[in-house]
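Colleague: Before I ask anything, let me first share the structure, which is written out below as C-alpha coordinates.
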Amino acid sequence: MSTRLLLLRHGLIKANRDGRWHGSTDSPLTWTGRRQAKRTGRHLLANEKIHAVYSSPLQRCMDTAKFASAGTDLVVQPLEGLAEMSIGEWEDTPFRELSERHDFINRSTADIHYTAPGGESLAVVAERVTQAMQHIDQQHEPDETILVVSHGVALAVALAVFLEDSPSRWVNYHFNNCSLSELVLSPEPVVHRFNESAHL
123 MSTRLLLLRH GLIKANRDGR WHGSTDSPLT WTGRRQAKRT GRHLLANEKI HAVYSSPLQR
183 CMDTAKFASA GTDLVVQPLE GLAEMSIGEW EDTPFRELSE RHDFINRSTA DIHYTAPGGE
243 SLAVVAERVT QAMQHIDQQH EPDETILVVS HGVALAVALA VFLEDSPSRW VNYHFNNCSL
303 SELVLSPEPV VHRFNESAHL
(Lines of atoms letter the chains of each structure in order from A; the text may use other names.)
(Lines give C-alpha, C1' and ligand atoms only; values in the text may rest on other atoms or scores of the structure.)
Protein backbone atom coordinates (compact mmCIF):
# COMPACT_ATOMS: atom_id res chain seq x y z
CA MET A 123 0.00 0.00 0.00
CA SER A 124 0.96 3.64 -0.43
CA THR A 125 -0.21 6.90 1.07
CA ARG A 126 -3.13 8.23 -0.97
CA LEU A 127 -2.89 11.91 -1.88
CA LEU A 128 -6.29 13.34 -2.75
CA LEU A 129 -5.52 16.38 -4.90
CA LEU A 130 -8.16 19.10 -4.75
CA ARG A 131 -8.07 22.27 -6.81
CA HIS A 132 -9.55 25.29 -5.02
CA GLY A 133 -13.08 26.52 -5.70
CA LEU A 134 -14.00 29.19 -8.21
CA ILE A 135 -12.57 32.70 -7.90
CA LYS A 136 -13.56 35.75 -9.93
CA ALA A 137 -10.35 35.60 -11.97
CA ASN A 138 -11.20 32.05 -13.09
CA ARG A 139 -14.57 33.26 -14.30
CA ASP A 140 -13.08 36.30 -16.01
CA GLY A 141 -10.17 34.47 -17.65
CA ARG A 142 -7.36 36.28 -15.82
CA TRP A 143 -4.16 34.78 -14.37
CA HIS A 144 -4.09 34.87 -10.57
CA GLY A 145 -1.01 33.00 -9.43
CA SER A 146 0.51 34.72 -6.41
CA THR A 147 -2.42 37.14 -6.38
CA ASP A 148 -4.45 36.31 -3.27
CA SER A 149 -8.11 36.00 -4.22
CA PRO A 150 -11.20 34.97 -2.23
CA LEU A 151 -13.64 32.30 -3.32
CA THR A 152 -16.81 33.45 -5.02
CA TRP A 153 -20.21 32.31 -3.77
CA THR A 154 -20.04 29.51 -6.31
CA GLY A 155 -16.54 28.61 -5.14
CA ARG A 156 -17.70 28.33 -1.52
CA ARG A 157 -20.62 26.15 -2.59
CA GLN A 158 -18.26 23.89 -4.55
CA ALA A 159 -15.97 23.53 -1.54
CA LYS A 160 -18.86 22.78 0.82
CA ARG A 161 -20.22 20.13 -1.53
CA THR A 162 -16.75 18.63 -1.72
CA GLY A 163 -16.65 18.53 2.08
CA ARG A 164 -19.96 16.70 2.30
CA HIS A 165 -18.77 14.20 -0.30
CA LEU A 166 -15.47 13.56 1.48
CA LEU A 167 -17.11 13.22 4.89
CA ALA A 168 -19.46 10.58 3.52
CA ASN A 169 -16.94 8.66 1.40
CA GLU A 170 -13.41 9.11 2.71
CA LYS A 171 -11.45 8.89 5.95
CA ILE A 172 -9.09 11.85 5.73
CA HIS A 173 -6.08 11.71 8.05
CA ALA A 174 -4.54 15.14 7.38
CA VAL A 175 -5.08 18.26 5.28
CA TYR A 176 -2.39 20.35 3.59
CA SER A 177 -3.00 23.51 1.59
CA SER A 178 -1.38 26.25 -0.39
CA PRO A 179 -1.25 29.25 1.95
CA LEU A 180 -3.27 31.41 -0.46
CA GLN A 181 -6.75 32.34 0.77
CA ARG A 182 -8.70 30.53 -1.94
CA CYS A 183 -7.03 27.24 -1.07
CA MET A 184 -7.09 27.66 2.70
CA ASP A 185 -10.82 28.41 2.61
CA THR A 186 -11.46 25.51 0.23
CA ALA A 187 -9.51 23.22 2.55
CA LYS A 188 -11.50 24.33 5.59
CA PHE A 189 -14.83 23.77 3.85
CA ALA A 190 -13.63 20.46 2.40
CA SER A 191 -12.58 19.15 5.82
CA ALA A 192 -15.68 20.38 7.67
CA GLY A 193 -17.05 17.80 10.06
CA THR A 194 -13.58 16.57 11.00
CA ASP A 195 -11.24 17.75 13.75
CA LEU A 196 -8.37 18.20 11.32
CA VAL A 197 -6.35 21.42 11.25
CA VAL A 198 -5.40 22.70 7.78
CA GLN A 199 -1.61 22.83 7.46
CA PRO A 200 -0.36 25.53 5.03
CA LEU A 201 2.60 24.54 2.88
CA GLU A 202 4.40 27.18 0.79
CA GLY A 203 5.45 24.64 -1.82
CA LEU A 204 1.82 24.10 -2.85
CA ALA A 205 1.30 27.74 -3.90
CA GLU A 206 0.39 28.66 -7.46
CA MET A 207 2.89 29.72 -10.12
CA SER A 208 3.60 33.43 -9.92
CA ILE A 209 3.99 35.41 -13.12
CA GLY A 210 5.26 38.53 -11.36
CA GLU A 211 4.45 41.78 -13.16
CA TRP A 212 1.96 40.00 -15.42
CA GLU A 213 -0.31 38.91 -12.58
CA ASP A 214 -4.01 39.63 -13.25
CA THR A 215 -3.41 39.74 -17.00
CA PRO A 216 -6.16 38.17 -19.16
CA PHE A 217 -5.18 34.80 -20.62
CA ARG A 218 -5.94 36.12 -24.08
CA GLU A 219 -3.42 38.93 -23.67
CA LEU A 220 -0.83 36.54 -22.23
CA SER A 221 -1.22 34.48 -25.39
CA GLU A 222 -1.50 37.17 -28.05
CA ARG A 223 0.96 39.70 -26.64
CA HIS A 224 3.49 37.53 -24.80
CA ASP A 225 2.99 33.98 -26.16
CA PHE A 226 3.48 33.04 -22.52
CA ILE A 227 2.25 29.44 -22.47
CA ASN A 228 4.21 28.41 -25.57
CA ARG A 229 7.39 30.13 -24.43
CA SER A 230 7.15 28.65 -20.93
CA THR A 231 6.51 25.18 -22.27
CA ALA A 232 9.34 25.35 -24.80
CA ASP A 233 11.81 26.60 -22.18
CA ILE A 234 11.04 25.50 -18.60
CA HIS A 235 13.47 28.16 -17.30
CA TYR A 236 11.63 31.03 -19.02
CA THR A 237 10.02 33.53 -16.62
CA ALA A 238 7.65 36.44 -16.84
CA PRO A 239 9.18 39.63 -15.39
CA GLY A 240 9.54 38.99 -11.66
CA GLY A 241 7.83 35.62 -11.94
CA GLU A 242 8.67 31.94 -11.58
CA SER A 243 9.71 29.43 -14.20
CA LEU A 244 8.07 26.04 -14.67
CA ALA A 245 11.32 24.49 -13.43
CA VAL A 246 11.13 26.37 -10.13
CA VAL A 247 7.46 25.53 -9.64
CA ALA A 248 8.12 21.88 -10.46
CA GLU A 249 10.86 21.62 -7.87
CA ARG A 250 8.94 23.16 -4.99
CA VAL A 251 5.59 21.46 -5.67
CA THR A 252 7.03 17.97 -6.12
CA GLN A 253 9.19 18.42 -3.02
CA ALA A 254 6.11 19.50 -1.06
CA MET A 255 4.15 16.43 -2.14
CA GLN A 256 7.08 14.11 -1.42
CA HIS A 257 7.39 15.70 2.03
CA ILE A 258 3.69 15.07 2.68
CA ASP A 259 4.01 11.47 1.51
CA GLN A 260 6.97 10.87 3.82
CA GLN A 261 5.12 12.23 6.86
CA HIS A 262 2.32 9.68 6.69
CA GLU A 263 1.68 5.97 6.87
CA PRO A 264 0.97 3.90 3.73
CA ASP A 265 -2.67 3.31 4.72
CA GLU A 266 -3.50 6.99 5.23
CA THR A 267 -5.45 9.32 2.93
CA ILE A 268 -4.23 12.92 2.80
CA LEU A 269 -6.12 15.87 1.32
CA VAL A 270 -3.84 18.24 -0.64
CA VAL A 271 -5.42 21.53 -1.75
CA SER A 272 -3.59 23.49 -4.42
CA HIS A 273 -3.96 25.24 -7.77
CA GLY A 274 -4.52 24.33 -11.41
CA VAL A 275 -1.04 25.01 -12.76
CA ALA A 276 0.81 23.82 -9.67
CA LEU A 277 -1.06 20.51 -9.69
CA ALA A 278 -0.62 20.10 -13.45
CA VAL A 279 3.12 20.69 -13.20
CA ALA A 280 3.40 18.16 -10.37
CA LEU A 281 1.63 15.45 -12.34
CA ALA A 282 3.70 16.21 -15.44
CA VAL A 283 6.88 15.65 -13.45
CA PHE A 284 5.69 12.57 -11.56
CA LEU A 285 4.09 10.85 -14.55
CA GLU A 286 6.09 12.12 -17.55
CA ASP A 287 9.31 13.37 -15.95
CA SER A 288 8.95 16.82 -17.49
CA PRO A 289 7.19 20.00 -16.31
CA SER A 290 6.79 20.96 -19.97
CA ARG A 291 4.02 18.33 -20.19
CA TRP A 292 1.84 20.26 -17.74
CA VAL A 293 -0.62 21.27 -20.47
CA ASN A 294 -1.78 17.63 -20.57
CA TYR A 295 -3.42 17.99 -17.15
CA HIS A 296 -6.40 20.29 -16.62
CA PHE A 297 -8.04 20.49 -13.21
CA ASN A 298 -11.56 21.90 -12.86
CA ASN A 299 -12.40 23.93 -9.77
CA CYS A 300 -12.93 21.60 -6.79
CA SER A 301 -12.19 18.50 -8.85
CA LEU A 302 -10.62 15.54 -7.06
CA SER A 303 -7.74 13.40 -8.27
CA GLU A 304 -5.96 10.54 -6.51
CA LEU A 305 -2.18 10.21 -6.63
CA VAL A 306 0.14 7.66 -5.03
CA LEU A 307 3.89 8.20 -5.20
CA SER A 308 5.31 4.81 -4.28
CA PRO A 309 6.51 2.36 -5.35
CA GLU A 310 6.10 4.55 -8.46
CA PRO A 311 3.78 7.49 -9.19
CA VAL A 312 0.31 6.48 -10.35
CA VAL A 313 -2.93 8.43 -10.75
CA HIS A 314 -5.94 6.28 -9.90
CA ARG A 315 -8.57 8.90 -10.73
CA PHE A 316 -8.31 12.31 -12.32
CA ASN A 317 -10.31 15.56 -12.37
CA GLU A 318 -13.51 14.04 -10.96
CA SER A 319 -16.27 16.54 -10.27
CA ALA A 320 -19.48 14.47 -10.07
CA HIS A 321 -19.72 15.40 -6.37
CA LEU A 322 -20.36 19.02 -7.36
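If you read the sequence shown in my numbering, its first letter stands for residue 123, the second for the next number, and so on. Virtual Cβ for every residue (Gly too), placed ideally from N, Cα, C.
For the stretch 213 to 223 against the stretch 137 to 157, do three or more pairs of beta-carbon atoms, one drawn from each stretch, fall closer than 8 Å, so that the two count as touching?
Modeller: yes
Colleague: Specify the secondary structure class of Leu201 as computed by DSSP and reduced to three states.
Modeller: coil
Colleague: With DSSP as the reference, identify every bridge partner of Arg315, one or two as the case may be.
Modeller: Under DSSP, Arg315 shares a beta bridge with Glu304.
Colleague: Return the bridge partner residues of Ala320 from the DSSP annotation.
Modeller: According to DSSP, Ala320 bridges with nothing at all.
Colleague: Might you give, ordered along the chain, the residues of its own chain that have their beta carbon closer than 8 Å to the beta carbon of Ala248, omitting 5 neighbours on each side?
Modeller: Ile234, Val279, Ala280, Ala282, Val283, Pro289
Colleague: Compute the Euclidean distance between the alpha carbons of Arg84 and His224, then round it to the nearest angstrom.
Modeller: In the structure as shown, the chain starts at 123 and stops at 322, and residue 84 therefore has no counterpart that could be examined.
Colleague: So does the stretch 195 to 203 actually touch the stretch 292 to 299, counting three or more Cβ pairs closer than 8 Å?
Modeller: no
Colleague: If you draw a straight line from the alpha carbon of Thr267 to that of Thr194, how long is it in whole angstroms?
Modeller: Rounded to whole angstroms, Thr267 and Thr194 show a C-alpha spacing of 14 Å.
Colleague: CA-CA distance, Asp196 and Ala238?
Modeller: One point to set straight first is that residue 196 is Leu, not Asp, in the sequence displayed. Rounded to whole angstroms, Leu196 to Ala238 spans 37 Å at the Cα level.
Colleague: Using three-state DSSP, classify Ile268 as helix, strand or coil.
Modeller: Here Ile268 sits in strand by DSSP.
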